[in-house]
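Novice: Each protein sequence line maps, in turn, to chains A and B.
So in the working numbering, spot 217 of the first sequence is number 217, and the numbers just go up one at a time.
So in the working numbering, spot 149 of the second sequence is number 149, and the numbers just go up one at a time.
We put the CB at the ideal spot given by N, CA and C, even for glycine.
Fair warning: this is a prediction, and the values are worked out from it, not measured in the lab.
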Amino acid sequence: MQTVMQQVSVAQPSRPAPSAVPAARVASAGARGDLIFGGLARMATAFVLLVLAGIALATLIGGWPAFARFGASFVARTAWDPVQRDFGALVPIYGTIVTAVLSMLLAVPIAFGIAIFLTEVAPRPLAGPISAAIELLAGIPSIIYGMWGLFVFVPFMADWVDPWLAASLGRLPVLGALFSGPPLGLGMLTAGIILGVMVVPFVAAVMRDVFTLVPSALRESAFALGATRWEVVWHVVLPYTRTAVVGGIFLGLGRALGETMAVTFVLGNAHDFNLSLLAPSTSIAAAIANEFTEADSATYLSALIALGFILFVVTFIVLVFAKLLLLRLARQAGR
Amino acid sequence: MKRFTTALAAVLAAATLAVGPVRAQQVTGAGSTFVYPVLAAWSDAYSKQTGVKINYQSIGSGGGIAQIKADTVTFGASDMPLEPARLAEAGLVQFPLVIGGVVPVVNLPGIEAGKIRLSGKLLADIFLGTVKTWNDPALAALNPGTALPALPISVVHRSDGSGTTFNFVDYLAKVSPDWRAKIGVGTSVSWPAGVGGKGNEGVAAYVQRLKGSIGYIEYAYVLQNKIPYAVLENAAGSFVAPSARSFQEAAASADWSKAQDFDLVMTNAPGAGAYPITATVFILMHRQPKEPAQTKQALDFFRWALGQGQEVAAKLDYVPLPPTLVAQIEAYWQASFH
Numbered sequence: 001m002q003t004v005m006q007q008v009s010v011a012q013p014s015r016p017a018p019s020a021v022p023a024a025r026v027a028s029a030g031a032r033g034d035l036i037f038g039g040l041a042r043m044a045t046a047f048v049l050l051v052l053a054g055i056a057l058a059t060l061i062g063g064w065p066a067f068a069r070f071g072a073s074f075v076a077r078t079a080w081d082p083v084q085r086d087f088g089a090l091v092p093i094y095g096t097i098v099t100a101v102l103s104m105l106l107a108v109p110i111a112f113g114i115a116i117f118l119t120e121v122a123p124r125p126l127a128g129p130i131s132a133a134i135e136l137l138a139g140i141p142s143i144i145y146g147m148w149g150l151f152v153f154v155p156f157m158a159d160w161v162d163p164w165l166a167a168s169l170g171r172l173p174v175l176g177a178l179f180s181g182p183p184l185g186l187g188m189l190t191a192g193i194i195l196g197v198m199v200v201p202f203v204a205a206v207m208r209d210v211f212t213l214v215p216s217a218l219r220e221s222a223f224a225l226g227a228t229r230w231e232v233v234w235h236v237v238l239p240y241t242r243t244a245v246v247g248g249i250f251l252g253l254g255r256a257l258g259e260t261m262a263v264t265f266v267l268g269n270a271h272d273f274n275l276s277l278l279a280p281s282t283s284i285a286a287a288i289a290n291e292f293t294e295a296d297s298a299t300y301l302s303a304l305i306a307l308g309f310i311l312f313v314v315t316f317i318v319l320v321f322a323k324l325l326l327l328r329l330a331r332q333a334g335r
Numbered sequence: 001m002k003r004f005t006t007a008l009a010a011v012l013a014a015a016t017l018a019v020g021p022v023r024a025q026q027v028t029g030a031g032s033t034f035v036y037p038v039l040a041a042w043s044d045a046y047s048k049q050t051g052v053k054i055n056y057q058s059i060g061s062g063g064g065i066a067q068i069k070a071d072t073v074t075f076g077a078s079d080m081p082l083e084p085a086r087l088a089e090a091g092l093v094q095f096p097l098v099i100g101g102v103v104p105v106v107n108l109p110g111i112e113a114g115k116i117r118l119s120g121k122l123l124a125d126i127f128l129g130t131v132k133t134w135n136d137p138a139l140a141a142l143n144p145g146t147a148l149p150a151l152p153i154s155v156v157h158r159s160d161g162s163g164t165t166f167n168f169v170d171y172l173a174k175v176s177p178d179w180r181a182k183i184g185v186g187t188s189v190s191w192p193a194g195v196g197g198k199g200n201e202g203v204a205a206y207v208q209r210l211k212g213s214i215g216y217i218e219y220a221y222v223l224q225n226k227i228p229y230a231v232l233e234n235a236a237g238s239f240v241a242p243s244a245r246s247f248q249e250a251a252a253s254a255d256w257s258k259a260q261d262f263d264l265v266m267t268n269a270p271g272a273g274a275y276p277i278t279a280t281v282f283i284l285m286h287r288q289p290k291e292p293a294q295t296k297q298a299l300d301f302f303r304w305a306l307g308q309g310q311e312v313a314a315k316l317d318y319v320p321l322p323p324t325l326v327a328q329i330e331a332y333w334q335a336s337f338h
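(1) Given that alanine 270(A) touches chain B, what residues does it touch there, using C-beta distances under 9 Å?
(2) Taking all protein chains shown into account, do 16 or more other C-beta atoms lie within 10 angstroms of the C-beta of valine 118(B), making it buried, or fewer, making it exposed?
(3) Taking a cut of 8 Å between CB atoms, which residues from the stretch 154 to 171 of chain A lie near chain B?
(4) Going by CA-CA distance only, name the one from Thr293(A), Asp209(A) and Ala298(A) that's closest to alanine 132(A).
(5) Measuring only between beta-carbons, confirm whether proline 339(B) sits less than 7 Å from chain A.
(6) Can you give me the start and stop residues for the alpha helix (DSSP H) that lysine 174(B) sits inside?
(7) Could you tell me whether the stretch 199 to 207 of chain A touches the stretch 136 to 147 of chain A, using the rule of 3 or more Cβ pairs below 8 Å?
(8) Put glutamate 259(A) into one of helix, strand or coil per three-state DSSP.
(9) Is there a Cβ of chain B sitting closer than 7 Å to that of proline 182(A), yes or no?
(10) Counting along the chain, where does the beta strand (DSSP E) carrying aspartate 77(B) start and finish?
(11) Quick one: using the 10 Å Cβ neighbour count with 16 as the cut-off for buried, is serine 337(A) buried or exposed?
(12) Which word fits glutamate 112(B), buried or exposed, when buried means at least 16 other C-beta atoms lie within 10 angstroms of its C-beta?
(13) Report the rounded CA-to-CA distance for valine 312(B) versus glycine 202(B), giving the unit in angstroms.
(14) Quick check on alanine 18(B): buried or exposed, where buried means 16 or more other Cβ atoms within 10 Å of its Cβ?
(15) Short of 8 Å in beta carbon distance, which residues of its chain neighbour valine 22(B), apart from the five on each side in sequence? Order them along the chain.
(16) Using a Cβ distance threshold of 8 Å, determine whether the stretch 241 to 253 of chain B contacts the stretch 186 to 194 of chain B, with at least three qualifying pairs required.
(17) Please list the partners that serine 162(B) has in chain A, where partner means a Cβ-to-Cβ separation under 9 Å.
(18) Mind checking which residues open and close the alpha helix (DSSP H) that includes isoleucine 288(A)?
(19) Tell me the rounded alpha-carbon separation between isoleucine 305(A) and threonine 59(A).
(20) For a test of the three-state rule: what should DSSP assign to serine 213(B), helix, strand or coil?
(21) In whole angstroms, what is the alpha-carbon distance linking tryptophan 134(B) and serine 162(B)?
(22) With a threshold of 7 Å between beta-carbons, can glycine 63(B) be considered close to chain A, or not?
(23) Taking 7 Å as the CB-CB cut-off, is tryptophan 234(A) touching chain B?
(24) Could you check what DSSP says for isoleucine 59(B) in three-state terms: helix, strand or coil?
(25) Should isoleucine 134(A) and proline 201(A) be called a contact, given that it needs their Cβ atoms to be closer than 7 Å?
(26) Who are the Cβ neighbours of alanine 24(B) in its own chain at under 6 Å, not counting the five residues just before and after it?
(27) Looking at chain A, is there any beta carbon in it that lies within less than 7 Å of the beta carbon of arginine 303(B)?
(28) If the cut is a Cβ gap below 8 Å, which residues of chain A does isoleucine 183(B) touch?
(29) Since valine 106(B) is in the beta strand (DSSP E), which residue starts that stretch and which ends it?
(30) Assuming contact is defined by CB atoms lying nearer than 7 Å, are alanine 295(A) and valine 263(A) in contact in what I supplied?
(31) Threshold first: 4 residues or longer. Then list the alpha helix (DSSP H) segments lying entirely within the stretch 204 to 260 of chain B, N to C.
(32) Anything in the stretch 209 to 237 of chain B with a Cβ closer than 7 Å to a Cβ of chain A? List those residues in chain order, please.
(33) I think leucine 306(B) touches isoleucine 68(B), with their Cβ atoms under 8 Å apart; what is that distance to the nearest whole Å?
(34) Comparing alpha-carbon positions, which option in Phe262(B), Ala298(B) and Trp304(B) lies nearest tyrosine 332(B)?
(35) In the DSSP output, which residue or residues are listed as bridge partners for serine 154(B)?
(36) Identify whether isoleucine 277(B) lies in helix, strand or coil by the three-state DSSP scheme.
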């Protein structure tokens, strides 16, 4: 690291004072600096790719016994029996995806509202402190969210929200299956809400940053044409920033998929398959965190590592999906 | 940047030192979380007397077994005994150290500690999910005169693998053929009902927060958290509350003399006043250790713990082993380490 700094500092000052040194020397020093800088940048990238490939490969190899034993149906089975050594990943996969989707349903509108408020509505002296508060929210460790969830939010859900949902939406013919069961307070809905609260600052921060990048000429022209504030946001700000906004949303989704501590406190850690959002479930990350240290058979351990690989694949699919969406948006914008 | 590098170097140097010659005065162990509070208290008192430090990592029984097999620690601690065949295979010896109990705890409005009675069969049915409400006729029959609420039963179990779970389900399997056939015994099982909390403290937190819940935790956590417990029917047919005396009675009524390498799970012990889910923490050590000096130091420590250390243990609500059992352990040490 020290040598990099020296190289950079040698190369840079030569530029503002070209007359002091012969031109050829400047070029060669600059070229050498560039070469080293490029090499280091390449190394940094290679390092990340190497780690990524290493993790994927290690989890695949570690999980291979489970995949070999249970076949492709591993991802579609609900069994999780350490005594009989019979494992399936459907419950954690379902729990992971449902809680992540719920969290995005909550977080995206709120984050959007915050970002619009900060960039379009709030008076300048107010925007600074609010921005700081949101960044502070992002810095709270997830275990705090988990404990707050268990001690404060779970009883609230159990006493008020769950019984109300079961009595109202739970009575509906098809939708009712999603809101049935005893009001434990623990479950996918609670976990989704907590995750949503955790993700809001991340998505909001990205949205706010990109909204401020919209050239004020564009914004002011729209206002000059008589557009309302909402029209400016919807027809000028969002189209200009949508790739970055989608990127921010998927960044939040990635975090929601992999969150462990907060989820394990409020999700219930139960390997029973249940459609209801009020029922306890488990997520991939929570199952690994709970069970890894005491996994006492090779199959059990391998099933948990296989879960890790599946989470990797799920996250990868989400990112690919995000990329495709961005490409489509770009093409539409081009038309 | 420079400060960071210096700090890193310091940390590295410290790490190198820690595995260096200092080790001679340090005995390392790993395993059961249940035994950790008493081991920490013992280690503190013992190092003040002798200068020997006991460094114990409470990583769970399964982890303890794995660590001692890998020979990275001087001793392992497990809430679940290993069979003599598995011990011989790994070249290990095994002996009990302290006694505790696994206690069913409940959250029922208006019902105090010890005011609800459960039989083993009924406890199994609740955890199987076949008895679903607190005013079930089977519960009412056992608890005449107690107004049981019409609440649904929420089962709380461990989400992580645990020796506590092992002792609890071992008892359920002994008293309920249904449990044995459908679920079986292990440090983690396929729970047919309920939610999972991580660790004793996780289960305690859930039980305290969910109305109508029932869970199982180690006795020490019952005392610390003051959670209402249920009274259990034992093998002799009497209802017994968890206490130091009922645990000791279970330990005394268990037939240790016939158990090779102390491979005995004390659940469902026959004594008249014996608590039915009494559990033991077992220590595992290598018969032919890589570093005999440390094993000797560890044995000195355990000898002290089983003698003078019992006073410290009693203060923390751990139950000392009965004297006859201590004598057997001494004889076992003589036979195992020459």
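Specialist: Based on what the coordinates show:
(1) The residue labelled residue 270(A) in the question sits at position 270 within the first sequence. In chain order: His157, Ser159, Trp191, Ala193, Gly194, Val195 and Gly196.
(2) Locating residue 118(B) in the second sequence gives position 118, where the first residue counts as 1. The sequence shown places leucine at residue 118(B), not valine. When all chains shown are included, leucine 118(B) counts as buried.
(3) Val154, Pro155 and Ala158
(4) Working through the first sequence from its first residue, we reach residue 132(A) at position 132. Ranking the options by Cα distance to alanine 132(A), first place goes to Asp209(A).
(5) Because chain B is modelled from 1 through 338, residue 339(B) falls outside the range shown and cannot be assessed.
(6) Reading the second sequence from its first residue, position 174 is the one you call residue 174(B). Residues 163 to 175.
(7) yes
(8) Here the question's residue 259(A) lines up with position 259 in the first sequence. Of the three classes helix, strand and coil, the one that applies to glutamate 259(A) here is coil, per DSSP.
(9) As a working mapping, residue 182(A) is identified with position 182 in the first sequence. Yes, because at least one Cβ of chain B sits closer than 7 Å to the Cβ of proline 182(A).
(10) Within the second sequence, numbered from 1, the residue matching residue 77(B) stands at position 77. Residue identity check: residue 77(B) is alanine in the sequence provided, not aspartate. First-last of the beta strand (DSSP E) with alanine 77(B): 75 to 78.
(11) Since the first residue shown for chain A is 1 and the last is 335, residue 337(A) is missing from the structure and cannot be characterised.
(12) Translated into positions along the second sequence, residue 112(B) becomes position 112. Under this definition glutamate 112(B) is an exposed residue.
(13) As a working note, residue 312(B) is residue 312 in the second sequence. As a working note, residue 202(B) is residue 202 in the second sequence. Using only the alpha carbons, I get a separation of about 26 Å.
(14) As a first step, residue 18(B) is located in the second sequence; it is residue number 18 there, counting from the start. Because alanine 18(B) sits at a pLDDT of 45, beneath the cut-off of 50, its placement in the model cannot be relied upon, and the following sentence gives the value as read from the coordinates. Alanine 18(B) is exposed by the Cβ-count criterion.
(15) The residue given as residue 22(B) occupies position 22 in the second sequence. Note that valine 22(B) scores 43 on pLDDT, short of 50, meaning its location in the model is unreliable; the coordinates nonetheless yield the value given after this. Same-chain partners within the cutoff: there are none.
(16) no
(17) Stepping through the second sequence from its first residue, residue 162(B) is reached at position 162. Simply Glu294.
(18) As a first step, residue 288(A) must be located in the first sequence, where it is residue number 288. 284 to 291 is the extent of the alpha helix (DSSP H) around isoleucine 288(A).
(19) Along the first sequence, read from residue 1 onward, the residue named residue 305(A) stands at position 305. Along the first sequence, read from residue 1 onward, the residue named residue 59(A) stands at position 59. C-alpha separation (whole angstroms): 6 Å.
(20) Within the second sequence, the letter at position 213 stands for residue 213(B). Here serine 213(B) sits in strand by DSSP.
(21) Residue 134(B) sits at position 134 when you count from the first residue of the second sequence. Residue 162(B) sits at position 162 when you count from the first residue of the second sequence. Those two C-alpha atoms are separated by around 27 Å.
(22) In the second sequence, the residue the question calls residue 63(B) occupies position 63. Closer than 7 Å to some Cβ of chain A, the Cβ of glycine 63(B) qualifies, so yes.
(23) Counting from one through the first sequence, the residue named residue 234(A) turns up at place 234. So, not an interface residue.
(24) Within the second sequence, the letter at position 59 stands for residue 59(B). It is coil, neither helix nor strand.
(25) Residue numbering aside, residue 134(A) sits at position 134 when the first sequence is read from its first letter. Residue numbering aside, residue 201(A) sits at position 201 when the first sequence is read from its first letter. Cβ distance < 7 Å, so isoleucine 134(A) and proline 201(A) count as in contact.
(26) Translated into the one-based positions of the second sequence, residue 24(B) becomes position 24. Summary for alanine 24(B): the model assigns pLDDT 49, below 50, so the residue's position carries little reliability, and this model does not support an answer.
(27) Against the second sequence, residue 303(B) aligns to sequence position 303. Cβ-Cβ to chain A under 7 Å: no for arginine 303(B).
(28) Residue 183(B) sits at position 183 when you count from the first residue of the second sequence. Residues of chain A passing the Cβ test: Val83.
(29) Translated into the one-based positions of the second sequence, residue 106(B) becomes position 106. Segment 92 to 107, the beta strand (DSSP E) holding valine 106(B).
(30) Position 295 of the first sequence holds residue 295(A). Position 263 of the first sequence holds residue 263(A). For alanine 295(A) and valine 263(A), no; Cβs fall outside 7 Å.
(31) 219 to 225 and 244 to 253
(32) Arg209 and Leu210
(33) As a position in the second sequence, residue 306(B) is number 306, starting the count at 1. As a position in the second sequence, residue 68(B) is number 68, starting the count at 1. Actually they are not in contact, since the Cβ atoms of leucine 306(B) and isoleucine 68(B) sit about 19 Å apart, beyond 8 Å.
(34) Here the question's residue 332(B) lines up with position 332 in the second sequence. When each option's Cα is compared against that of tyrosine 332(B), the closest is Phe262(B).
(35) Taking the second sequence and counting its residues from 1, the one referred to as residue 154(B) is at position 154. Note: serine 154(B) sits in a beta bridge opposite Ser213(B).
(36) What you label residue 277(B) is simply residue 277 of the second sequence in a count that begins at 1. In this structure, isoleucine 277(B) counts as coil in the three-state DSSP scheme.
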